[in-house]
Amino acid sequence: SFDLFTTTGTANHAEVSQDIFLTLLNKGYIYKSTVSQPYCPHCQRFLPDRYIEGTCPYCQSPGARGDQCDECGKPMNPAELLDPRCRLCAATPQFKDSEHFFFRLSAFGDRLLDWVKQQSHWRQNVLNFTTRYLEEGLRDRAITRDIEWGIPVPVDGFDSKRIYVWFEAVIGYLSATKEWAKSSGDEEGWRSFWQDKDVKGYYFIGKDNILFHTIIWPAMLMGYGGLALPYDVPANEFLTIEGKRLSTSRNWAVWLPDYLSRYEPDPLRYLLSINMP
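Using this note's numbering, read the sequence shown as starting at 173 and increasing by one per residue.
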């Protein structure tokens, strides 16, 4: 059984995320700036992240999204997309100015690179991807969005904005630990997992999430201060079906309910373990 089964949709997670946001803001690692954002004239709404897609300017993949190209792993500014289109109606977006908060990621470049060079135990694919990205130079990233759902920005005058999901999603590791500590009767119990220098945190993820776990989350932890950095980030490459990358969002997958309706789970467990890309 689980000690805790939770999500990032809880009041506890929102509280912890807003604390991280405000601490980084007060330390000067978050700042405001006006930027040009894609806007769909047909849907009459801004198109953050995966509400817009187009061709990746780096690898020419036709299905790159507004925040990242899943094919090559590059983070994306929606203005960089070639032939951009609204994912809701396929219209060509316009661009409008909007004020947002930015995470000063560029302030952590040297510190992150020094830290990554010490992680000789990381998988080579993770180490290569992270090092290459850091050596290219970090750019500050917008961490708020013009959307109606998500965690509210805890600053007056920004009621219509929300915290970017990939900024707050990684905070879920910390918020879940704090929720577990409260439920176990020891509210300070989370500290033994996050403030003990001997703790080793392992983050098992897929290739498309390397950036968030080896650069953005560690930078957030460095800026916040006093919390343990990841010890290892074992990330797998993409599985493929008929030469194309498996993708649940694009409905290109072997769905587990279909498989389990016909076969036992152990052969699949073996296949995934032995094939681990």
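In this text, a Cβ means the ideal position worked out from N, Cα and C, and glycines have one as well.
Three-state secondary structure (DSSP) of residue i
i	result
Tyr374	strand
Lys354	helix
Phe267	strand
Ala348	helix
Lys416	strand
Asn408	strand
Arg237	strand
Pro250	helix
N- and C-terminal bounds of the alpha helix (DSSP H) containing residue i
i	result
Gln190	Ala183 to Asn198
Ala391	Trp389 to Tyr396
Asp430	Leu428 to Leu432
Leu284	Gly281 to Val288
Gln296	Gln296 to Glu307
Ile446	Pro437 to Asn447
Arg363	Arg363 to Trp366
Residues that residue i bridges to, as DSSP identifies them
i	result
Ile202	Phe275
Cys212	Arg217
Pro324	Arg334
Cys258	Ile224
Thr316	Ile335
Val207	Ser270
Proximity test, residue i beta-carbon vs the ligand ZN heavy atom, cut-off 6 Å
i	result
Thr349	What this structure holds is no ligand at all, so the ligand ZN is not there to describe.
Closer than 7 Å to chain B by CB, residue i
i	result
Gly329	Among the chains of the structure shown, chain B does not appear; only one protein chain is present.
Are the segment 388-395 and the segment 417-429 touching by the rule of at least three beta carbon pairs closer than 8 Å? no
Counting pairs of Cβ atoms below 8 Å between the segment 255-265 and the segment 173-190, do you hit three or more? no
Taking 8 Å as the cut-off, does the segment 423-437 touch the segment 359-366 (at least 3 CB pairs, one atom from each stretch)? no
Measuring CB atoms only, is the segment 353-363 touching the segment 267-283, in the sense that at least three cross pairs come out at less than 8 Å? no
Spell out a yes or no on whether the segment 175-185 and the segment 234-245 are touching, meaning 3 or more CB-CB pairs, one atom from each, closer than 8 Å. no
Looking at C-beta atoms only, is the number of pairs between the segment 197-204 and the segment 219-238 that lie closer than 8 Å three or more? no
With a cut-off of 8 Å, do at least 3 Cβ pairs link the segment 331-349 to the segment 294-303? no
Inspect the CB distances between the segment 392-402 and the segment 312-329 and report whether three or more fall short of 8 Å. no
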